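Residue numbers (the numbering used here): -6 to 262. We put the beta carbon where it would ideally sit given N, CA and C, even for glycine. Computed from a prediction, not measured in an experiment: that's the story for all the values here. Notes follow the structure.
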Amino acid sequence: MTTRRALLAGAPTAILATQSVFAPSALAAALGDAGGAGADTHALEQLMARTLAGELGDGGVARQLASHITEAGFRWEYPTFPVREADSVVAYAFGYRSATGKVDPNTGLSDGAEKPEPGPINAMLADAVHAIAKVRPVRVYAQWEIAQVLTGKYGMKDIVPIHPAKGPDGKTIYLSTDGVAKAAIAHAGSAQALGKVAVVGHRDHVKRCVLVSRENGMAAAVAREVPLPVQYDPQSAQPWTRRRDAYLLTDLIAQLSMTRGRILSELAG
């Protein structure tokens, strides 16, 4: 099952309450689109396609671009399944705290001397993992920021922590979302060995976490009953995880980069 509106799953109650008072979309009505779930997004995609066709003089390419932009920027829903179906958990961290502040502000990477700490958002992600574990005590593959909280706060045992590697200069090599997925699979032996994977991630990151997990062969979705954090940490060592607009732009670009990669792979044969 996949949720159909952009911010319904995991959104704060205030946001949901605000959505309910809006009238049907004037944009959808103007473009002759019937109401209902997804009407606004579909109408917007149509409008973008028409506008791009005028700019590019190519309706086919305009429709392709509009589809890619809509999927990355206007659809933030994610697939879910009942928590009781989970065979394993893969948990993706979101930012972290630096005790020393010795971090490259452009990358959020340490100079090799800092003392990283999980931070409040990863503590919330650990809470989500623990909520799953109370229902389904399965093996958890978690980035170290989450794993540290799971063992320290909850005393959980069946945890496989995923740490970033160090370069020859002693500096941390950035551990990407894709890197976490590949590490979990390497620890498990194969994607199939993970079974049905409950993905845990920040509300604004988790769609891409699922996409990346699936691209790496996992049968991945989000545990439907477990809320995910939507908060941001202004003291995060990674600048793009300090504020929502900054992160959503970052994730949108990452999703478009994934689409570009697939297209280039197709062209390469």
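Subject >> Continuous beta strand (DSSP E) assignments of at least 3 residues falling wholly in the segment 126 to 204 >> reply: 132 to 136, 152 to 155, 189 to 193
**OP:** Would you mind sorting Ala179 into buried or exposed? The rule is 16 or more other CB atoms within 10 Å of its CB.
**Re:** exposed
Subject >> Pairwise C-alpha distance: Asp97 and Met149 >> reply: 33 Å
Original post:
So, are the CB atoms of Val193 and Ala65 less than 8 Å apart?
Top reply: no
Original post:
Three or more C-beta pairs closer than 8 Å, one from the segment 165 to 185 and one from the segment 55 to 70: is that the case here?
Top reply: no
Original post:
Closest by CA to His35, which one among Phe67, Ile152, Asn115?
Top reply: Phe67
**OP:** Verify whether the separation of the beta carbon atoms of Ile152 and Leu118 is less than 8 Å.
**Re:** no
**OP:** Jot down the residue ranges of each uninterrupted alpha helix (DSSP H) in the segment 50 to 117, minimum 4 residues, whole runs only, in chain order.
**Re:** 52 to 66
Subject >> Nearest neighbour of Arg129, chosen from Leu143, Ser169, Ala216 [CA to CA] >> reply: Ala216
**OP:** Output the boundary residues of the beta strand (DSSP E) element that contains Ala239.
**Re:** First-last for Ala239: 237 to 261, but that is the alpha helix (DSSP H), not the beta strand (DSSP E).
Original post:
In three-state DSSP terms, what is Ala121?
Top reply: helix
Original post:
Three or more beta-carbon pairs under 8 Å between the segment 108 to 128 and the segment 199 to 214, yes or no?
Top reply: no
Original post:
Three-state secondary structure (DSSP) at Ala214?
Top reply: strand
Subject >> Exposure of Asn115, with buried meaning 16 or more beta-carbon neighbours within 10 Å >> reply: buried
Original post:
In the structure shown, what three-state DSSP assignment does Gly31 receive?
Top reply: coil
Original post:
Among residues of its own chain, excluding the 5 on either side of Leu245, which ones have a beta-carbon nearer than 7 Å to its beta-carbon?
Top reply: Ala65, Gly66
**OP:** Measure the alpha-carbon distance for Leu45 versus Gly53 and round it to whole angstroms.
**Re:** 10 Å
**OP:** Using the Cα positions of Asp171 and Arg201, report the straight-line distance between them to the nearest angstrom.
**Re:** 10 Å
**OP:** Give the DSSP-derived three-state secondary structure of Ser206 in the structure shown.
**Re:** helix
**OP:** Evaluate Ala16 with the Cβ neighbour count: other Cβ atoms within 10 Å of its Cβ, from every protein chain shown; 16 or more gives buried, anything less gives exposed.
**Re:** Residue confidence is low: Ala16 scores 39 on pLDDT, short of 50, so the model does not pin down where it sits. Its coordinate-derived value is still stated next. Exposed.
**OP:** State yes or no: is the C-beta of Ala186 within less than 8 Å of the C-beta of Ile155?
**Re:** no
Subject >> Distance between Val133 and Val205 (C-alpha atoms, nearest Å) >> reply: 17 Å
Original post:
With a CB to CB cut of under 6 Å and the five nearest residues on each side skipped, what residues in its chain are close to Glu218?
Top reply: Val76
Original post:
With 16 as the cutoff for other CB atoms within 10 Å, does His73 come out buried or exposed?
Top reply: Residue 73 is actually Thr in this sequence, not His. Looking at its Cβ environment, which holds 16 or more other Cβ atoms inside 10 Å, Thr73 is buried.
**OP:** Determine, using beta carbons only, whether Gly88 and Thr252 come nearer to each other than 8 Å.
**Re:** no
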